[in-house]
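In the numbering used here, the protein residues as written are 56 to 144.
Positions of the beta carbon are idealized from the N, C-alpha and C atoms, including for glycine.
What follows is one structure encoded as structure tokens, with my remarks underneath.
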Amino acid sequence: MWLGSVFHGYAQSLDMYVRFCWAELGKMGSLMIGLLVAEFVAVALVVMGWVLDLIRHVSGQRMACFGLLLALPSAMLRTMATASCQVGF
Numbered sequence: 056m057w058l059g060s061v062f063h064g065y066a067q068s069l070d071m072y073v074r075f076c077w078a079e080l081g082k083m084g085s086l087m088i089g090l091l092v093a094e095f096v097a098v099a100l101v102v103m104g105w106v107l108d109l110i111r112h113v114s115g116q117r118m119a120c121f122g123l124l125l126a127l128p129s130a131m132l133r134t135m136a137t138a139s140c141q142v143g144f
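Below you can see the structure in the form of structure tokens.
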């Protein structure tokens, strides 16, 4: 008859161990979700910085292209704009 009590104790200890494991898995799931959110924020900030750096470089290149127009005096630009151009054969 003592095997029944051993089986009962063994089943109870296994049941407690399974409950403990499920509780630990729940904690680990919460930790993984937190790490996923932190990783998303870090990657988003890095990508945002990279895009802002690219935009700054592109703006610099565009200003270099239009720098000549900004360097010319406005009177010269006005003269060039009002000059007549005739194409003849």
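Linking S129 to A138 through their CA atoms gives a straight-line distance of about 14 Å.
M103 and I88 have their C-alpha atoms roughly 22 Å apart. Per the coordinates, the alpha-carbon of V142 lies some 40 Å from the alpha-carbon of H112.
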